[in-house]
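Enquirer: The structure is given below, and queries will be raised subsequently.
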Amino acid sequence: MIRPDVTIPSDHQQSAHCETGVISNLMRFHGLPVSEPMAFGIGSGLFYSHMPFLKMNGIPVTSYRILPGWIFGRFTKKLGIAIKRMKFRDPKAAMDELDRVLAQGLPVGMLTSVFYLPYLPKAFRFHFNGHNIVVFGKEGDEYLVSDPVMDGTTRIHRTALIRARFAKGMPNIKGSMYYPTSVPTDADIRKAAIRGLRRTARDMSNTPLPMFGTKGIGYLAGKLRKYEQKLGARGARLALGNLIRMQEEIGTGGAGFRFIFAAFLMETAKLLDRPDLRAHALTMNRIGDLWRDFAYEAGRLCKGRAEAHITFAYLADKLEAIGKEETTFFKELHAVSKTL
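The numbers in the working numbering rise by one with no breaks, and the one at position 59 of the sequence shown is 59.
Structure follows, in structure tokens:
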């Protein structure tokens, strides 16, 4: 069945992270204006893990956030938002369902592979099946797209969208799409912000396993210190390069997520009239700068351009210091969260 063209009003805003950008986009459409930092904070998106038992392309995974999709799940649960989620085996069925929902006047969020989105510059494309976009209309064989990483809306041909929705690899996204079916416009943002803040502070400071939360940062520092001894000079640089790629290129990264969380704290300070949270926001911004500096110096070491004092031991010391800073920060924030 050929469905008519449709264009749904879209208030596109460029975002720092795809999942939280899509949340903010969809909520504005449904009459619940929520900023990207507030979506990230309510969804308790900030986390840290270094998992040698889980590898991507043969490299242990280091992550600076909770699992993909969990921010959306936590956000909608806290605010009582009903979501319809669907996966498909058949691409035609997936596109027919997309057309059906668009015909109802509803924008649709979906998971895609970054590698198969032709509107992205080639330098930005890599094999990652976890990029969230919003489709808000259709004109002939082209779909109108609000991609949070873009400064404006764009469009994609039906064939290319099918390829991006059904890309092979991990995770197997199977044409995943989702859209809100019920959004309470009187949702208690204050209560949700407090719960999100409290959970983030707790999970970062009190997770018992050594590779998760702030403990995981020191855990990775110990591994980094032994890179040259275990992997040799070339292998150590390759491993460090992959570590930095996970930090700064795959998703929003170490510094970026801290800056978003700092913005959430600043917004929550105003929402709750708690000036002490502004001080914590400034501290989080400073820690974000430390992550950015670490990535910069590590990148120079990988390329053989580092100053003499920048060694693997130096970087391990720097990472260990960041871990200690975050441990102190999140323990203090957890204590503050109990008074909100």
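Virtual Cβ for every residue (Gly too), placed ideally from N, Cα, C.
#1: Determine, using beta carbons only, whether Arg-258 and Gly-213 come nearer to each other than 8 Å.
#2: Tell me where the beta strand (DSSP E) around Arg-85 begins and ends.
#3: Taking Val-108 and Leu-102 to be in contact with their CB atoms under 8 Å, please state how far apart those CB atoms are, rounded to whole angstroms.
#4: In terms of alpha-carbon separation, which member of Gly-299, Leu-277, Arg-3 and Arg-28 lies closest to Lys-138?
#5: Can you tell which of His-280, Asn-25, Pro-148 and Arg-245 has the C-alpha that lies nearest to the C-alpha of Ala-295?
#6: Say whether the stretch 144-156 touches the stretch 48-67, bearing in mind that this needs 3 or more beta-carbon pairs closer than 8 Å, one atom from each stretch.
#7: Check whether the stretch 197-207 touches the stretch 278-287, taking contact to mean three or more Cβ pairs, one atom from each stretch, closer than 8 Å.
#8: Out of Gly-222, Pro-171 and Lys-338, which one is the CA nearest neighbour of His-127?
#9: Contact between the stretch 8-27 and the stretch 149-169: three or more CB pairs below 8 Å?
#10: Compare the Cα-Cα distances from Arg-199 to each of Thr-185, Phe-75 and Ala-221 and report the closest residue.
#11: Can you have a look at Glu-36 and say buried or exposed, based on whether 16 or more other CB atoms are within 10 angstroms of its CB?
#12: Cα separation between Phe-47 and Ala-263?
#13: What is the DSSP secondary structure of Leu-144, counted as helix, strand or coil?
#14: Does DSSP put Met-211 in a helix, in a strand, or in coil?
#15: Measuring straight from C-alpha to C-alpha, what distance separates Ala-193 and Gln-229?
#16: Report yes or no: do three or more beta-carbon pairs, one from the stretch 298-316 and one from the stretch 177-187, lie closer than 8 Å?
#17: Can you tell me where the alpha helix (DSSP H) with Val-336 in it begins and where it stops?
#18: Report yes if the C-beta distance between Met-211 and His-50 is below 8 Å; otherwise report no.
#19: Could you tell me if Ala-167 is buried or exposed, where buried requires 16 or more neighbouring beta carbons within 10 angstroms of its beta carbon?
#20: Return helix, strand or coil for Ser-35, following the three-state DSSP convention.
#21: Does the Cβ-Cβ distance between Tyr-179 and Leu-161 come in under 8 Å?
#22: Is it buried or exposed for Arg-286, if we count other Cβ within 10 angstroms and need 16 for buried?
#23: From Gly-196, Gly-175 and Leu-106, pick the residue whose C-alpha is nearest to that of His-334; which is it?
#24: Could you spell out the range, first to last residue, of the beta strand (DSSP E) harbouring Met-56?
#25: Tell me whether Gly-222 sits in a helix, a strand or coil according to DSSP, three-state version.
#26: Please identify the residue among Pro-68, Lys-215, Cys-302 and Ala-221 whose C-alpha is closest to the C-alpha of Phe-329.
#27: Express the C-alpha separation of Arg-28 and Ala-82 in angstroms, rounding to a whole number.
Expert: Taking the definition as stated:
#1: By one-based count along the sequence shown, residue 258 stands at place 258. By one-based count along the sequence shown, residue 213 stands at place 213. In this structure, the beta-carbon distance from Arg-258 to Gly-213 does not fall below 8 Å.
#2: As a working mapping, residue 85 is identified with position 85 in the sequence shown. For Arg-85, the enclosing beta strand (DSSP E) covers residues 82-86.
#3: Numbered from its first residue, the sequence shown carries residue 108 at position 108. Numbered from its first residue, the sequence shown carries residue 102 at position 102. The C-beta separation of Val-108 from Leu-102 comes to about 7 Å, placing the pair in contact by the 8 Å criterion.
#4: Stepping through the sequence shown from its first residue, residue 138 is reached at position 138. The shortest CA-to-CA distance from Lys-138 to any of Gly-299, Leu-277, Arg-3 and Arg-28 is the one to Arg-3.
#5: Your numbering for residue 295 matches position 295 in the sequence shown. Closest option to Ala-295, judged by alpha-carbon separation, among His-280, Asn-25, Pro-148 and Arg-245: Arg-245.
#6: Proximity of the stretch 144-156 to the stretch 48-67 falls short of the contact definition, fewer than three beta-carbon pairs being nearer than 8 Å.
#7: With contact defined as three or more Cβ pairs closer than 8 Å, the stretch 197-207 and the stretch 278-287 are not in contact.
#8: Reading the sequence shown from its first residue, position 127 is the one you call residue 127. The residue among Gly-222, Pro-171 and Lys-338 with its C-alpha nearest the C-alpha of His-127 is Pro-171.
#9: Yes, they touch.
#10: To locate residue 199, count along the sequence shown from 1; it is residue 199. The option with the nearest alpha carbon to Arg-199 is Phe-75.
#11: Here the question's residue 36 lines up with position 36 in the sequence shown. Glu-36 should be labelled buried.
#12: As a first step, residue 47 is located in the sequence shown; it is residue number 47 there, counting from the start. As a first step, residue 263 is located in the sequence shown; it is residue number 263 there, counting from the start. Answer to the nearest angstrom: the Cα atoms are 16 Å apart.
#13: By 1-based counting over the sequence shown, the position of residue 144 is 144. In the three-state reduction of the DSSP assignment, Leu-144 falls in the strand class.
#14: On the sequence shown, residue 211 is found 211 positions in, with the first residue counted as 1. Secondary structure at Met-211: coil, using DSSP grouped into helix, strand and coil.
#15: Here residue 193 corresponds to residue number 193 of the sequence shown, with the count starting at 1. Here residue 229 corresponds to residue number 229 of the sequence shown, with the count starting at 1. Distance between the alpha carbons of Ala-193 and Gln-229 is about 45 Å.
#16: Segments in contact, no.
#17: In the sequence shown, counting from the first residue as 1, residue 336 sits at position 336. Start and end: 312-337.
#18: As a working mapping, residue 211 is identified with position 211 in the sequence shown. As a working mapping, residue 50 is identified with position 50 in the sequence shown. Cβ atoms of Met-211 and His-50: closer than 8 Å.
#19: As a first step, residue 167 must be located in the sequence shown, where it is residue number 167. It is buried - the Cβ of Ala-167 has at least 16 other Cβ atoms within 10 Å.
#20: Sequence index remark: in the sequence shown, residue 35 carries index 35 (1-based). Reduced to three states, the DSSP call for Ser-35 is coil.
#21: The residue labelled residue 179 in the question sits at position 179 within the sequence shown. The residue labelled residue 161 in the question sits at position 161 within the sequence shown. If you check the CB distance, Tyr-179 and Leu-161 do not come in under 8 Å.
#22: As a first step, residue 286 is located in the sequence shown; it is residue number 286 there, counting from the start. By the neighbour-count rule (16 or more Cβ atoms within 10 Å), Arg-286 is not buried but exposed.
#23: Here residue 334 is taken as the residue at index 334 of the sequence shown, counted from 1. Put simply, of Gly-196, Gly-175 and Leu-106 the residue whose alpha carbon is nearest the alpha carbon of His-334 is Gly-196.
#24: Against the sequence shown, residue 56 aligns to sequence position 56. Residues 46-56.
#25: The sequence position of residue 222 within the sequence shown is 222, counting from 1. In the three-state scheme derived from DSSP, where H, G and I count as helix and E and B as strand, Gly-222 is classed as helix.
#26: For the purposes of this step, residue 329 is identified with residue 329 of the sequence shown, where counting begins at 1. Nearest C-alpha to Phe-329: Lys-215.
#27: Taking the first residue of the sequence shown as position 1, residue 82 is located at position 82. Taking the first residue of the sequence shown as position 1, residue 28 is located at position 28. Between the alpha carbons of Ala-82 and Arg-28 lies a distance of about 15 Å.
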